[in-house]
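Undergrad: Each position in the sequence shown, counted from 1, maps to that position plus 3 in my numbering. Even for Gly, the Cβ is constructed at its ideal location relative to N, Cα and C.
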Amino acid sequence: MARNNRRRSRIDSNDLAGYGSVAHGTVNIDRAARGLGASKTEVRQALRQAQAAQSNTFYRRISGKSEGDSTEGTSMRGMLQAAFGRGPRGGAVDARAAAQSLGVSTGTVRRWAAGTQKPSPSRLASIRQAARQVTTTKRGRRSATADFRASAKGSQALKGGSKIWVSGEQGVGGADQGYARDRRVATTISPSEIEAMLRAYEDGGDSGLRDWMTSFFDGKYVEGWDFVTIDDFGIGIPE
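Structure (structure tokens):
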């Protein structure tokens, strides 16, 4: 069901959800533009931003890098963390790895991460590219799943199973049946199912993980369950 057509100062995923599935990228651009009183360009941009946010959510939850910014490009510290990992002593960014890769000092990297200094346009482009590659390449996604497997939470889940939860607008029929609403749902997940989830992300990226989650909840939670938005998800107890 479409939302009211009052013009918003900024279109977000909740606005778009009235015109199709943001999670699946099936928003009807023409209807959304008319209903929201916005241009098609604005709607497309909002959809790209919503999908970038979803991609970051997937990456952060799989890798455990809570600030990692691979796709939105709004956080310098987040992009550095995504591209080069955390510091060996618990710092937000591995300054040494970033410095070696980018040809600058560790102090410069730390100032970038702190926001007290900005990189040159060429180095910013290199940082953005390196950050994007952690989700757009199979090698990058395998690194993220390796982080999950090596973590205490991931190791425990892969041995004894756990819970999987998803927050967002969802329900039977997804965007098509009118039963979707904003909620959090959870169900059990076995070690073999977690491995299947990780493989889906490695092989198919965001769409692979989204399709796996749709199939999983359809088969194990409620038949016909589907997602309009996926705002957050995780393995274990929701944070």
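Give me the Cβ distance between alanine 128 and valine 112, rounded to the nearest whole Å; I'm assuming they're in contact under 8 Å.
TA: Not quite, the Cβ-Cβ distance comes to about 16 Å (not below 8 Å), so this is no contact.
Undergrad: Are the CB atoms of glycine 181 and phenylalanine 230 nearer to each other than 9 Å?
TA: No, the pair does not count as a contact, with Cβ atoms beyond the cut-off.
Undergrad: In the structure shown, what three-state DSSP assignment does glutamate 45 receive?
TA: Glutamate 45: helix per DSSP, three-state reduction.
Undergrad: If you measure from the beta carbon of glutamine 103 to each beta carbon in chain D, is any gap under 9 Å?
TA: Among the chains of the structure shown, chain D does not appear; only one protein chain is present.
Undergrad: From Leu83, Val225 and Arg47, pick the residue whose C-alpha is nearest to that of threonine 109; which is it?
TA: Threonine 109 has its Cα closest to that of Leu83, out of Leu83, Val225 and Arg47.
Undergrad: Less than 9 Å separating the beta-carbons of alanine 153 and serine 24?
TA: No.
Undergrad: Over what stretch of residues does the alpha helix (DSSP H) that includes glycine 211 continue unbroken?
TA: Run containing glycine 211: 194 to 223, per the alpha helix (DSSP H) assignment.
Undergrad: Within 10 angstroms of its Cβ, does alanine 35 collect 16 or more other Cβ (buried), or is it exposed?
TA: Alanine 35 is buried by the Cβ-count criterion.
Undergrad: Taking three-plus beta-carbon pairs below 8 Å as touching, is the segment 76 to 95 in contact with the segment 133 to 150?
TA: Yes, since at least three Cβ pairs between the segment 76 to 95 and the segment 133 to 150 fall closer than 8 Å, the two stretches touch.
Undergrad: In terms of residue numbering, what span does the alpha helix (DSSP H) encompassing isoleucine 32 cover?
TA: Note, isoleucine 32: alpha helix (DSSP H), 32 to 39.
Undergrad: Around the Cβ of isoleucine 240, are there at least 16 other Cβ atoms within 10 angstroms (buried) or fewer (exposed)?
TA: Classification of isoleucine 240: exposed, given that the 10 Å Cβ count is below 16.
Undergrad: Please classify arginine 144 as buried or exposed, where buried requires at least 16 neighbouring CB atoms within 10 angstroms.
TA: The residue is buried, with at least 16 neighbouring Cβ atoms inside 10 Å.
Undergrad: What's the C-alpha gap between leucine 212 and aspartate 235?
TA: Taking the straight line joining both Cα atoms gives about 13 Å.
Undergrad: By a C-beta neighbour count over all protein chains shown, 10 Å radius and 16 as the cutoff for buried, is arginine 187 buried or exposed?
TA: By the neighbour-count rule (16 or more Cβ atoms within 10 Å), arginine 187 is not buried but exposed.
Undergrad: For glycine 94 and glycine 237, what's the separation of their Cα atoms in angstroms?
TA: Approximately 23 Å, taken between the alpha carbons.
Undergrad: With 16 other CB atoms within 10 Å as the buried threshold, where does lysine 43 fall?
TA: The residue is exposed, with fewer than 16 neighbouring Cβ atoms inside 10 Å.
Undergrad: Looking only at C-alpha atoms, which of Arg13, Thr139 and Ile233 sits nearest to alanine 85?
TA: Comparing Cα positions, the closest option is Thr139.
Undergrad: With a Cβ-Cβ cutoff of 9 Å, do glycine 71 and tyrosine 62 count as a contact?
TA: Contact: yes.
Undergrad: So, using beta-carbon positions, are alanine 53 and aspartate 15 closer together than 9 Å?
TA: Closer than 9 Å, so yes.
Undergrad: Using three-state DSSP, classify threonine 29 as helix, strand or coil.
TA: Here threonine 29 sits in coil by DSSP.
Undergrad: Determine whether the beta carbon atoms of threonine 190 and phenylalanine 220 lie at a separation below 9 Å.
TA: Yes.
Undergrad: Measure the C-alpha to C-alpha separation of alanine 20 and lysine 223 and round it to an integer number of angstroms.
TA: Between alanine 20 and lysine 223, the C-alpha separation is close to 24 Å.
Undergrad: In angstroms with no decimal places, state the Cα-to-Cα distance between glycine 176 and alanine 116.
TA: The straight-line gap from Cα to Cα measures roughly 43 Å.
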